[in-house]
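Here is the structure we will look at, set down as structure tokens.
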Amino acid sequence: MNVTKEEPEPDEEQLVVKQEADTFKVTPLDLKHDTNEPEEKMNQLLNRREKTKDHSDGSKLKRHKTNKPCEVCGKCFPSQSHLNIHMRAHTGEKPFSCPTCAKGFSTKGNLNIHIRTHTGEKPYACGMCDKSFSCSSHLARHMRMHRGEKPFSCPTCAKAFSNRRSLSIHMGSHTGNMPYTCKMCEKSYSFCSSLAYHMRTHFGDKPYACEMCDKSFSVVSHLAGHMRTHTGVKPFSCPTCAKRFSHKGNLNKHIRTHTGDKPYPCEMCDKSFSNGSYLAGHMRTHTGLKPFSCPTCAKGFSQKGHLSKHIRTHTGEKPYDCGMCDTSFSTGSNLARHMKMHTGEKPFSCPICAQGFSGKNNLSKHIKTHTGWKPHCCEMCDKSFISGSDLAHHMRMHTGEKKPHHCEMFDKSFISGS
């Protein structure tokens, strides 16, 4: 199945209207008259053409400054020719055809914009970067990104956007109007183009390739974000702590660590999450779904991040280096916990005796000394232990693996490695 991305019709802000010399008289549309031919509708809408000349001085009459209303929808236009072109939206007339693909357009300006998709011509260049565009409205929309302008506001939640299309897509999240449904997974979207982007996830279509590495992406914005990993550019700054990010989405997630905002609630329990991906991963704990499998041992995981951590147990990779000693770790959380040993930070306090701990697990283990709870039971005797590591240490007494940690310098063995 191939998904063909249809070239979108130019939106209102990019319509190019060419002044026509002739003036038309418009009669009201007989809505009861049903016809399939645009020519017949046009004959009904537009009376005979009249050339209006002032024979006394040979000059054309000045244009009327009064607004010209559309008899069908009530919209007003500054001139008769603008109104005439607008009427084609009602009649469906598209008199301008592309010589390459025969696609029809209601105005010659829109045809010219479309032709550039075939020729690749991009005459509108940005003066602040090296990008070029096929029409002036696309350049104007792009310039708002440089200036940070967001003139289009959502009337429901007041969120602002740099272009009307992004606002329209956002509005679908409020109205629930998503008429474009994927036949493979039943996801719905507000726009056909959004569905087309989504279909690439099913077919693996990634037409946007990075020129600096071998990665490809299904959406051009994802490629733009990826390029920042090569350039090191981090244009998005946290207003609270000034930490910078290469992606705006990552900044938004980070800001919630300051605000404590968790707008993604689980419908099956009372937990909430700061971003949608955390919620999606959490939902698998309810469903039991583990879609991520280890290629080495086939163990399944509910989250891709957990699989990545697990794979390092096979490869021995430890990409997280301590800057204060020569120790490396397989996960960032282990490095963060290790760094507290250097700084002496103990942010986790016991609510019973106020003793501080560098890690949450150490605190949990300590609290059990107050409660007397020993959930880890030995199946070979009646002993119980506070932690799993204590039980594992005890099990060596039963298995005979009494001193698995051997020192090569003194030729001695020990039960534990500490």
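Just so we're aligned: 225 in full-length UniProt numbering is position 225 of the sequence shown, and the numbers increase by one with no gaps anywhere.
For glycine and all other residues, C-beta sits at the position ideal for the given N, C-alpha and C.
Here the structure is a predicted model, which is why all the values come from computation and not from measurement.
**Q.** C-alpha distance - cysteine 297 paired with isoleucine 255, whole-angstrom precision
**A.** 38 Å
Q: Let me know the alpha helix (DSSP H) ranges lying completely inside the stretch 321-365, each 4 residues or longer, listed in chain order.
A: 332-343
Q | Alpha carbon of cysteine 213 to alpha carbon of threonine 117, nearest angstrom | A | 27 Å
Q: Can you say whether phenylalanine 105 is buried or exposed, counting buried as having 16 or more other CB atoms within 10 angstroms of its CB?
A: buried
Q) Which same chain residues, not among the five before or five after leucine 167, have their C-beta less than 6 Å away from its C-beta? A) Phe152, Phe161
Q | Nearest residue (CA-CA) to tyrosine 264, options Glu71, Leu279, Thr285 | A | Leu279
Q: Could you check which residue in Ala354, Asp326, Cys322 has the C-alpha nearest to that of lysine 340?
A: Cys322
Q | Alpha-carbon spacing of methionine 178 relative to phenylalanine 191, whole angstroms | A | 7 Å
Q.
Applying the 10 Å Cβ sphere with the 16-neighbour rule, what's the burial state of asparagine 67?
A. exposed
Q. Measuring CA to CA, which of Thr156, Gly276, Glu93, Arg396 is closest to lysine 108?
A. Glu93
Q) Whole-angstrom Cβ separation of phenylalanine 273 and histidine 282, contact assumed at under 8 Å? A) 6 Å
Q | alpha helix (DSSP H) segment containing residue 455, residue limits | A | There is no way to answer for residue 455, as the model of the chain reaches only from 1 to 418.
Q: Report yes if the C-beta of proline 375 is less than 7 Å from at least one heavy atom of the ligand COA; otherwise report no.
A: This structure does not include the ligand COA; it has no bound ligands of any sort.
(Q) Taking a contact to mean a Cβ-Cβ separation below 8 Å, would you say alanine 209 touches serine 216 in this structure? (A) yes
Q.
Could you check whether lysine 299 and histidine 310 sit closer than 8 Å to each other, using their CB atoms as the reference points?
A. yes
Q: Determine the direct distance from the alpha carbon of lysine 159 to that of asparagine 36, and round the result to whole angstroms.
A: The pLDDT assigned to asparagine 36 is 45, lower than 50, so where the model puts this residue is not dependable; a value taken from the coordinates is nonetheless given after this. Near 42 Å, if we compare the C-alpha coordinates of lysine 159 and asparagine 36.
Q. Between the stretch 223-232 and the stretch 246-255, do at least 3 Cβ pairs fall closer than 8 Å?
A. yes
**Q.** Own chain partners of leucine 111 with C-beta closer than 7 Å, once the 5 adjacent residues on each side are dropped
**A.** Phe96, Cys98, Phe105
Q) In this structure, does DSSP put phenylalanine 96 in helix, strand or coil? A) strand
Q. Can you check whether the CB of serine 328 is closer than 8 Å to the CB of lysine 318?
A. yes
Q | Inter-residue CB distance, phenylalanine 357 and lysine 346 (contact presumed, cutoff 8 Å) | A | 6 Å
Q) Does DSSP put phenylalanine 203 in a helix, a strand or coil? A) helix
Q | Beta-carbon separation (whole angstroms), isoleucine 352 vs lysine 365, contact threshold 8 Å | A | With 8 Å as the limit, isoleucine 352 and lysine 365 do not qualify as a contact, their Cβ atoms being about 13 Å apart.
(Q) Judging by CA-CA distance, which residue of Phe133, Ser308, Leu195, Lys304 is the nearest neighbour of threonine 331? (A) Ser308
**Q.** Reduced DSSP secondary structure (H/G/I, E/B, other) of serine 134
**A.** coil
Q) To the nearest angstrom, how far is it from the Cα of asparagine 43 to the Cα of lysine 103? A) Residue placement at asparagine 43 cannot be trusted, given a pLDDT of 48 that sits under 50; what the coordinates show is reported in the next sentence. Taking the straight line joining both Cα atoms gives about 23 Å.
Q) Cβ of leucine 251 within 8 Å of Cβ of cysteine 238? A) yes
Q: Taking only the alpha-carbon atoms, compute the straight-line gap between arginine 284 and histidine 306 and give it to the nearest angstrom.
A: 13 Å
Q: Could you tell me the distance, in whole angstroms, from the CA atom of tryptophan 373 to the CA atom of histidine 338?
A: 27 Å
Q: Measure the C-alpha to C-alpha separation of isoleucine 115 and glycine 74 and round it to an integer number of angstroms.
A: 32 Å
Q) How should phenylalanine 301 be labelled, buried or exposed, when 16 other C-beta atoms within 10 angstroms of its C-beta is the threshold for buried? A) buried
Q. For cysteine 154, which of Gly316, Asn163, Ser384 has the nearest alpha-carbon?
A. Asn163
(Q) Measuring only the C-alpha atoms, how far is histidine 82 from histidine 90? (A) 14 Å
**Q.** One or two residues paired with alanine 160 in a DSSP bridge
**A.** Ser153
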